[in-house]
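Undergrad: Let me begin by handing over the structure; questions about it come next.
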Amino acid sequence: MYGGVGGYGYHDRYKGFPWRGEQHTNQTWPITFQRDSGLEAKAQAEAERINAGGTPKGEQRSGLYLDGVDTANYIIACKELDSTSMGKEGPPMSKNWGTARLAIHYHDAGGDGPVITKIGIGAVDAGEGHTWWVLWYAE
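As structure tokens, then:
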């Protein structure tokens with residue numbers, strides 16, 4: 003879904019690493035994911051590990067760290083800065099960021115990978131108004 007000038011509407015899905023993958027119309031992932039307590043625990047532990055000085059897993063693109071794109075364990079991490087440090091686009095996971103649209107909001111392996119149905123979300127106060135977020139997707 004995309005909220006452009008006329009509001010939210012259908013948008014083609016996207017598979018692959020942001021800006022290196024491709025758009026498609028084969029929607030296999032649901033629009034709404036089921037929250038999973040096991041994934042919540044994993045996501046929270048990962049957010050705490052990163053906040054304690056660990057390196058986020060995966061490859062960084064536009065403020066998002068992406069690991070396991072189009073696999074059964076897809077992990078996205080990002081550090082959201084306080085509101086005074088962000089530009090008009092807002093935080094890196096916002097629909098206003100192109101990379102977030104491709105990695106989160108429109109993402110779907112389109113039959114070339116698992117059908118993701120569950121999500122766990124972790125967050126840690128990183129101080130000074132910053133937050134580490136981790137989204138952990140799985141089948």
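Residues in the sequence shown are numbered from 3 upward in steps of one, following this note's numbering.
Glycine included, every Cβ here is placed at the ideal spot set by N, Cα and C.
Since we're looking at a predicted model, the values are computed, not measured.
By the three-class DSSP mapping on this structure, what secondary structure does Lys44 have?
TA: In this structure, Lys44 counts as helix in the three-state DSSP scheme.
Undergrad: Tell me where the beta strand (DSSP E) around Ala125 begins and ends.
TA: Unbroken beta strand (DSSP E) run through Ala125: Lys120 to Gly129.
Undergrad: Look up Asp69 in the DSSP assignment and give the residues it is bridged to.
TA: Paired residue(s): Ile77.
Undergrad: Within the continuous beta strand (DSSP E) that includes Gln29, where are the two ends?
TA: Element bounds for Gln29: n/a, residue is neither H nor E.
Undergrad: Going by DSSP, name the residue or residues bridged to Pro137.
TA: One point to set straight first is that residue 137 is Leu, not Pro, in the sequence displayed. The partner list for Leu137 (beta bridge, DSSP) reads Ile78 and Ile123.
Undergrad: Pick helix, strand or coil for Arg37, following the three-state DSSP scheme.
TA: Strand at Arg37.
Undergrad: Beta carbon of Tyr76, beta carbon of Leu66: below 9 Å?
TA: Result no, Cβ atoms of Tyr76 and Leu66 do not sit closer than 9 Å.
Undergrad: Helix, strand or coil: which one does DSSP assign to Arg22?
TA: If DSSP states are grouped into helix, strand and coil, Arg22 belongs with coil.
Undergrad: Using 8 Å as the cut-off, can you tell me whether the segment 20-33 makes contact with the segment 111-119, which would need three or more C-beta pairs spanning the two stretches below that distance?
TA: Judged by Cβ distances under 8 Å, the segment 20-33 makes contact with the segment 111-119, as three or more pairs qualify.
Undergrad: Between which residues of its own chain and Glu71 is the CB-CB distance below 6 Å, once the five residues before and five after are set aside?
TA: The question names Glu, but residue 71 in the sequence shown is Val. If we look at Val71 and ignore the five residues flanking it on each side, its Cβ neighbours are Phe19.
Undergrad: For Glu53, tell me which candidate among Ser64, Arg37 and Val136 has the shortest Cα-Cα distance.
TA: Per the sequence shown, residue 53 should be read as Asn rather than Glu. Checked all of Ser64, Arg37 and Val136; the closest Cα to Asn53 is Val136.
Undergrad: Reducing DSSP to helix, strand and coil, say where His107 ends up.
TA: The answer is helix: DSSP assigns His107 an H, G or I state.
Undergrad: According to the neighbour-count rule (16 or more other Cβ atoms, all chains shown, within 10 Å of its Cβ), is Ala49 buried or exposed?
TA: Classification for Ala49: buried.
Undergrad: Would you mind stating whether Tyr139 and Ile121 have Cβ atoms separated by less than 9 Å?
TA: Their beta carbons are under 9 Å apart, which means Tyr139 touches Ile121 by this criterion.
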